[in-house]
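Residue numbers (my numbering), protein chains in the order written: chain D, 117 to 456; chain L, 92 to 401; chain B, 15 to 290. All C-beta atoms, glycine included, are put in the ideal place defined by N, C-alpha and C. Quick notes on the structure that follows.
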């Protein structure tokens, strides 16, 4: 079930939450709406779900214009950041809720709930109450509940935001696996770019109510449409006025090896060891500063110390990094970066 | 107050997480000076209390409570059975007593139910609606609690009694009794539900909608069940209050035996005619019955309350 | 952020509730004000300042002051004992404090008469020492204390239990003496609850009717409190005095409400009022 969002705008009072956003979500794909908090991505999700009405624009699911349809008739499954469990109902009754309000026969409900609890791994917790579950279990219950109504699309609003890092990692993987099994069109809202890149087929970056760029994770990472996408999606630093990824930089002690053309000179100010990676801060002679990301082995080999004179050069592929195809980017007027 | 006070308060160690510490109060700090006029005498009294607590400790407390509560209650129970079980039974099965008890319990039950519904409606309006003057509405709801009962009765008598501008006369009617009880029990039914409603997660209703529930289904399957324990709590408080209510009822009811005489009025007239054992007997029975009802409501509340996290 | 749902029940519900409140509370109270001043301010003032009325007012204020004072002192004391000490029978003390809330005021008055009346348990002993309690001022004070007994304890005790002893222990390690600890640590912490409890106690004492009716004999000019005076005025077919007095008590009630609302705990403490 594809989703088409066309020229959606929405304001809350004076503040514009969404500004002429248009987006296409392919049927069966897992798309992430990525962006900083308050940027409008949750609002967009709620508009798709019908929980909020846009001031202007159209929402289509599988071609059908649903803009005026209330949430309960859209056939969307929605999961909330804090799970929104029905506290007074058991896990089973929670999952069964959507079927019960549709007055399905009891036997059908029972078997469907069994099936879903099995799918999410909560079969043994059916008679518990949500307050007796862990955060991760509650979110799985919420997913089962949303899937029970066989939704056309599945919408997840920061589903892992309230969980521990470790549980989050497990559930991300689990969600991806689930999607690969079920192939329900899924839209996921997150502010965590690592999560988005790990889980999603396509990313849509939203900032200040505007769609900045849409594309695959690699596309957005290697060919960001503007500075915001560039800095949001991954580490970035500036060398000689250009943006560059810190792991695409090489650094050597001055005098150790001949400096390649375009290299800048400077001095190491600080070295931070972050497990496998090492971060080297360098103050360049022209007054600017940058940082370089090295693997542990490389750092050890180089034998860098704070205060040393070094040169820094970019080692990206010879092909200059260009902005992505303008038809992907929402704002073709934005200046392009990462260019030679 | 000296430096030490400010320091301790600033550490954020406040009585309840709801109270902002003095450090956080900010502009509200000025409010403190306005209330200082009340605080100073209170402090003085509190000091005295602390001194008493230290000085003679539990003995003093026990004496205070004995003189005011323990002895009187013991005397009540003893007096009720002072002439034996048969006299007790005779006193409580006296026709006028039975009529009064029946009226009281029935009226209290009906009023508790009516105001539970009304209280729910009021709570919904207070929490979910927004209009100018809403805070005045909130004060109006608390008024029956702060008002002396006799004044409450007088206001109802003035509006619905003999010279009523509405040309009704509820004086001497059971409806009048019910109205008085509705008046005094309203705050309990509203204030028990309101905070629970306010804390309900809006997301939960969105979730129900997205799963296909109509507005009515959301109300019936999600909202009301969540509110049920609070509604029962309010109903219990209302019932307990209504059963013992005297001041507000006495004016509008006219205390007509077998018609509008409530249990407390009957006990009162028994005491005035020096039939103290009978008065005690009826009192004990009244207390027992309302205790049973309250225990029942308490059981029902626990039954509907969702278990806490394991 | 959410859209405000367009709910077709919103307006009917609002007006239904407002109508209910108007009919039940606002209009009745308004009627009393109207009736009190119906014949002009002068007439109202006259009704308000009759000797019986003024004596009743004075008596009520006197009794109120004493009762509130004693209940505050003992209330704080009992709270401190229950919060800070463990002893057998503490649960009984706790239950005793709550009992007046479960009893009709008439029953409380009756119970007091059974102990302190001339045929009561302590009747003989009191008579022998020349002390009259029932049908005189001490009885009114006791009745007022009995009905309002729980309020201070129920506001202060939870606070004491919630803040725990850590702050006091910290102060002790810093070298403060017990009374200093109370003055500088405990008292500021319970201040809000105390104000709230004292205000409730005051409101209850000023408004008490049933218990005092039994205990005092309501002798005009001697043992008639203000509430009894109002009731008596109606019986004596003198509604003007009753309305005038009622207006005063309404204003007092509004003052009480204002104080309670200003205290931040006003809203939160309500739902903790359940006795059972």
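query, result
"Apply the 10 Å Cβ neighbour rule to residue 208 of chain B and answer buried if 16 or more other Cβ atoms are within range, or exposed otherwise.", "buried"
"Sort B:276, B:57, B:270, B:235 by Cα distance to residue 150 of chain B and report the nearest one.", "B:235"
"Does residue 177 of chain D come within less than 8 Å of chain L when only Cβ atoms are used?", "no"
"Measuring alpha carbon to alpha carbon, tell me which of D:318, D:298, D:293 ends up nearest residue 305 of chain D.", "D:318"
"Quick one: using the 10 Å Cβ neighbour count with 16 as the cut-off for buried, is residue 431 of chain D buried or exposed?", "exposed"
"Does residue 346 of chain L get closer than 8 Å to chain B when you measure Cβ to Cβ?", "no"
"How big is the Cα-Cα spacing for residue 134 of chain L and residue 243 of chain B?", "33 Å"
"Between residue 174 of chain L and chain B, is any beta-carbon pair separated by less than 8 Å?", "no"
"If we define contact as Cβ-Cβ less than 8 Å, is residue 132 of chain B a contact residue for chain L?", "no"
"Assess, as a yes-or-no matter, whether the stretch 216-235 of chain L is touched by the stretch 28-42 of chain B under the definition of 3 or more beta carbon pairs within less than 8 Å.", "yes"
"Using a Cβ-Cβ cutoff of 8 Å, what residues of the stretch 275-298 of chain L are near chain D? List them in chain order.", "292, 294, 295, 297, 298"
"Would you kindly check if the distance between the Cβ of residue 275 of chain L and the Cβ of residue 198 of chain L is under 8 Å?", "no"
"Are residue 238 of chain D and residue 257 of chain D touching if we call contact CB-CB under 8 Å?", "yes"
"Interface residues of chain B around residue 205 of chain L at Cβ under 7 Å?", "Within 7 Å Cβ-Cβ: nothing; residue 205 of chain L doesn't reach chain B, min ~10 Å."
"List, in order along the chain, the chain L residues whose C-beta lies closer than 8 Å to that of residue 165 of chain B?", "Going along chain L, no residue has its Cβ under 8 Å from residue 165 of chain B, so there is no contact; the nearest lies around 12 Å."
"Keeping to the same chain, check which residues put their C-beta closer than 6 Å to that of residue 280 of chain L; ignore five residues upstream and five downstream.", "206, 207, 210, 325, 329"
"Would you check if the stretch 163-182 of chain B and the stretch 77-92 of chain B touch, i.e. whether three or more CB-CB distances between them fall below 8 Å?", "yes"
"Beta carbon of residue 273 of chain L, beta carbon of residue 340 of chain L: below 8 Å?", "no"
"To the nearest angstrom, report how far apart residue 377 of chain L and residue 225 of chain B are at their CA atoms.", "16 Å"
"With a threshold of 8 Å between beta carbons, is residue 247 of chain D in contact with chain L?", "yes"
"Give a yes or no on whether the C-beta atoms belonging to residue 241 of chain D and residue 211 of chain D are separated by under 8 Å.", "no"
"Whole angstroms is fine: what's the gap from residue 359 of chain L's alpha carbon to residue 298 of chain L's?", "56 Å"
"In chain order, what residues of the same chain lie with their CB nearer than 6 Å to the CB of residue 391 of chain L, ignoring the 5 residues before and after it?", "323"
"Have a look at residue 415 of chain D and residue 308 of chain D and give me their C-alpha separation to the nearest angstrom.", "28 Å"
"Just the C-alpha distance for residue 231 of chain B and residue 202 of chain D, rounded to the nearest angstrom, thanks.", "57 Å"
"According to DSSP, simplified to helix, strand and coil, what is residue 210 of chain D?", "helix"
"Quick one: Cα of residue 69 of chain B to Cα of residue 266 of chain B, how far?", "18 Å"
"Report the three-state DSSP secondary structure of residue 138 of chain L (helix, strand or coil).", "helix"
"If you draw a straight line from the alpha carbon of residue 167 of chain D to that of residue 186 of chain D, how long is it in whole angstroms?", "8 Å"
"Have a look at D:123, D:418, D:311, D:378 and flag the residue whose alpha-carbon is nearest the alpha-carbon of residue 175 of chain D.", "D:123"
"I'd like to know if residue 138 of chain L contacts chain B, where contact means its C-beta is closer than 8 Å to some C-beta of that chain.", "yes"
"Can you tell me whether residue 22 of chain B is buried or exposed? The criterion is at least 16 other CB atoms within 10 Å of its CB, across all chains shown.", "exposed"
"What's the C-alpha gap between residue 244 of chain D and residue 236 of chain D?", "15 Å"
"Spatial neighbours of residue 104 of chain B within its chain, please: C-beta separation below 7 Å, excluding the five flanking residues on both sides.", "96"
"Between the stretch 105-120 of chain B and the stretch 333-347 of chain L, can you find at least three pairs of beta-carbon atoms closer than 8 Å?", "yes"
"What are the start and end residues of each continuous alpha helix (DSSP H) run of 4 or more residues lying completely inside the stretch 189-246 of chain B, in chain order?", "192-195, 201-221, 224-230"
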